[in-house]
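Visitor: Just passing along the structure, written as structure tokens.
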Amino acid sequence: MAGKEDTTAHEGEGGGYYIWSNSTAPLLSQFQLGAAKLLLHPRGLALPHYADSSKIGYLHSWIDTTNSSEETIVVIKKGDVIPMSKGVMSWWFNASNTDVVIIFLGETSKALEPGQFTYFFMAGALGILAGFQSDFVARIFSLDRKEAKTLVTNQHETLITVLKDGIKIPEPSKHILDTIHATIVSPSADVVVICEGVWDGNAMLAPTYTADGSVVMSYVTKGSGRIRVVGSTGKTDLDTKVEEGDLIIVPPIFTAAEIRNVWDGAFLSRNILNACYWEIGWNSFILER
Numbered sequence: 001m002a003g004k005e006d007t008t009a010h011e012g013e014g015g016g017y018y019i020w021s022n023s024t025a026p027l028l029s030q031f032q033l034g035a036a037k038l039l040l041h042p043r044g045l046a047l048p049h050y051a052d053s054s055k056i057g058y059l060h061s062w063i064d065t066t067n068s069s070e071e072t073i074v075v076i077k078k079g080d081v082i083p084m085s086k087g088v089m090s091w092w093f094n095a096s097n098t099d100v101v102i103i104f105l106g107e108t109s110k111a112l113e114p115g116q117f118t119y120f121f122m123a124g125a126l127g128i129l130a131g132f133q134s135d136f137v138a139r140i141f142s143l144d145r146k147e148a149k150t151l152v153t154n155q156h157e158t159l160i161t162v163l164k165d166g167i168k169i170p171e172p173s174k175h176i177l178d179t180i181h182a183t184i185v186s187p188s189a190d191v192v193v194i195c196e197g198v199w200d201g202n203a204m205l206a207p208t209y210t211a212d213g214s215v216v217m218s219y220v221t222k223g224s225g226r227i228r229v230v231g232s233t234g235k236t237d238l239d240t241k242v243e244e245g246d247l248i249i250v251p252p253i254f255t256a257a258e259i260r261n262v263w264d265g266a267f268l269s270r271n272i273l274n275a276c277y278w279e280i281g282w283n284s285f286i287l288e289r
């Protein structure tokens, strides 16, 4: 039982980023899994970045995101799951009038720190361009030194910024649903979504286990319930109440049964800056077109 996220990695005007740490959820590092939560306030923009691990994002509300070498804009609604491949640049924007929460779950066996997602940002105070001298940046983008310095230093936020009213976001890309869902159902993918859904109140999942040795991760998105996990000795290893916001990890082969009051969960066993639409790239660096 991993419980709720316990570490605040970032909080600001645009939102926050929170993680389940290895210290309070040791099963994450043991099974080389990662879990995190991104909160975006209205008009919050998670700056363009890429990660060291593949993962899926489970959304509580609709949001815009990108994901490809040519950039794909996807509008997805509450309950949707979107795969985010290792090393692929993405950004997240909340165009609604309410807060949006995205839960990230993934496999971190090849991560810099097993059990955690590590991000590399294109812009902001942690942006990778800040590590290069201004004359080097100037040559990359065919700028003078003053323009290069502006490019690197204008954005003071680290992870999330807030776009001003009036700034428009690109229209969603067309005909990309087959591509987006391909990784989710592919058995060879780094992260595979086994099932998802909403259960009626007092519904029960009979005792089950994963015969292929997969680790089952469940995130409670609504309501509450109870889970019992039984190990190889036939004794109960875990019997506890779960509620909204809890993360559950069931080890391989272990048998788990769940009784739900009213809750649902998500389960899972060229120059990239040039690929970014100018509205996102320029506002990430706080530039004027």
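Residues 1 to 289 in UniProt numbering are what the sequence shown lists, from first letter to last. The beta-carbon is built from N, C-alpha and C at its ideal position, and this holds for glycine as well.
#1: How many Å lie between Gln-116 and Gln-133 at the Cα?
#2: Should Asp-246 be labelled buried (16 or more other beta-carbon atoms within 10 Å of its own) or exposed?
#3: With C-beta atoms as the reference, is Gly-34 less than 8 Å away from Gly-106?
#4: Using the Cβ count rule (16 or more neighbours within 10 Å means buried), how would you classify Glu-11?
#5: Bridge partners of Met-5, per DSSP?
#6: Considering only DSSP beta bridges, list what Glu-113 is partnered with.
#7: Less than 8 Å between the beta carbons of Met-89 and Pro-42, yes or no?
#8: Considering Cα atoms alone, identify which of Leu-27, Ser-85, Phe-104 is closest to Thr-221.
#9: According to DSSP, is Val-88 helix, strand or coil?
#10: If you compare alpha carbons, which of Lys-146, Met-217, Ala-148, Val-230 is closest to Leu-27?
#11: Taking the alpha-carbon positions, what's the Thr-150 to Asp-144 distance?
#12: What residue does the alpha helix (DSSP H) around Val-215 start on, and which one ends it?
#13: Under the three-state reduction of DSSP, which class applies to Glu-147: helix, strand or coil?
#14: For Asn-94 and Asp-239, what's the separation of their Cα atoms in angstroms?
#15: Taking Asp-135 as part of the alpha helix (DSSP H), name the residues at either end of that continuous run.
#16: Express the C-alpha separation of Tyr-219 and Lys-4 in angstroms, rounding to a whole number.
#17: Between Pro-114 and the rest of its own chain, which residues show a CB-CB distance below 7 Å, the 5 nearest in sequence each way excluded?
#18: Taking all protein chains shown into account, do 16 or more other C-beta atoms lie within 10 angstroms of the C-beta of Thr-161, making it buried, or fewer, making it exposed?
#19: Please state the DSSP three-state secondary structure of Gly-231.
#20: Using only CA atoms, which one of Glu-244, Ser-96, Asp-135, Arg-226 lies nearest to Lys-168?
#21: Might you give, ordered along the chain, the residues of its own chain that have their beta carbon closer than 6 Å to the beta carbon of Thr-158, omitting 5 neighbours on each side?
#22: Can you check which of these residues, Ala-36, Asp-165, Asp-99, Asp-6, is closest to Ile-56 by C-alpha distance?
#23: DSSP three-state call for Ile-19: helix, strand or coil?
#24: Within the continuous beta strand (DSSP E) that includes Pro-48, where are the two ends?
Guide: The answer reads as follows:
#1: Residue numbering aside, residue 116 sits at position 116 when the sequence shown is read from its first letter. Residue numbering aside, residue 133 sits at position 133 when the sequence shown is read from its first letter. Whole-angstrom Cα-Cα distance: 30 Å.
#2: For the purposes of this step, residue 246 is taken as the residue at position 246 of the sequence shown. Counting Cβ neighbours within 10 Å, Asp-246 comes out buried, since at least 16 surround it.
#3: If you number the sequence shown from 1, residue 34 lands on position 34. If you number the sequence shown from 1, residue 106 lands on position 106. Less than 8 Å divides the Cβ of Gly-34 from the Cβ of Gly-106.
#4: Mapped onto the sequence shown, residue 11 falls at position 11. With a 10 Å radius around the Cβ and a threshold of 16 neighbouring Cβ atoms, Glu-11 comes out exposed.
#5: Here residue 5 refers to the residue found at position 5 of the sequence shown. For clarity, residue 5 is Glu in the given sequence; the question names Met instead. DSSP lists no partner for Glu-5.
#6: Here residue 113 is taken as the residue at index 113 of the sequence shown, counted from 1. Answer is none; Glu-113 lacks a bridge partner.
#7: Counting from one through the sequence shown, the residue named residue 89 turns up at place 89. Counting from one through the sequence shown, the residue named residue 42 turns up at place 42. Contact: no.
#8: Mapped onto the sequence shown, residue 221 falls at position 221. The option with the nearest alpha carbon to Thr-221 is Phe-104.
#9: Numbered from 1 along the sequence shown, position 88 holds the residue referred to as residue 88. In this structure, Val-88 counts as coil in the three-state DSSP scheme.
#10: To locate residue 27, count along the sequence shown from 1; it is residue 27. Of Lys-146, Met-217, Ala-148, Val-230, the residue nearest in Cα terms is Met-217.
#11: Here residue 150 corresponds to residue number 150 of the sequence shown, with the count starting at 1. Here residue 144 corresponds to residue number 144 of the sequence shown, with the count starting at 1. Rounded to the nearest whole angstrom, the C-alpha separation of Thr-150 and Asp-144 is 10 Å.
#12: Here residue 215 refers to the residue found at position 215 when the sequence shown is read from its first residue. Neither: Val-215 is in no alpha helix (DSSP H) and is coded neither H nor E.
#13: In the sequence shown, residue 147 corresponds to position 147, counting from 1. The three-state secondary structure of Glu-147, taken from DSSP, is helix.
#14: Indexing the sequence shown from 1 puts residue 94 at position 94. Indexing the sequence shown from 1 puts residue 239 at position 239. Their backbone Cα atoms lie some 37 Å apart in a straight line.
#15: Working through the sequence shown from its first residue, we reach residue 135 at position 135. Element bounds for Asp-135: 134–141.
#16: Stepping through the sequence shown from its first residue, residue 4 is reached at position 4. Stepping through the sequence shown from its first residue, residue 219 is reached at position 219. Taking the Cα positions, Lys-4 is about 9 Å away from Tyr-219.
#17: Taking the first residue of the sequence shown as position 1, residue 114 is located at position 114. Cβ within range, chain order: Ser-29, Gln-32, Thr-108.
#18: The count along the sequence shown starts at 1 and reaches residue 161 at position 161. Under a 10 Å Cβ-count criterion, Thr-161 is classified as buried, with 16 or more other Cβ atoms of the shown protein chains found around its own Cβ.
#19: By one-based count along the sequence shown, residue 231 stands at place 231. The answer is coil: DSSP assigns Gly-231 none of H, G, I, E or B.
#20: Here residue 168 is taken as the residue at index 168 of the sequence shown, counted from 1. With distances taken between Cα atoms, Lys-168 lies closest to Ser-96.
#21: Indexing the sequence shown from 1 puts residue 158 at position 158. So the qualifying residues of the chain are Gly-124, Ala-125, Leu-126.
#22: Along the sequence shown, read from residue 1 onward, the residue named residue 56 stands at position 56. Ranking Ala-36, Asp-165, Asp-99, Asp-6 by Cα distance to Ile-56 puts Ala-36 first.
#23: Position 19 of the sequence shown, counting from 1, holds the residue named residue 19. Three-state result, Ile-19: strand.
#24: Within the sequence shown, numbered from 1, the residue matching residue 48 stands at position 48. Taken as a continuous stretch (DSSP letters only), the beta strand (DSSP E) holding Pro-48 covers 44–51.
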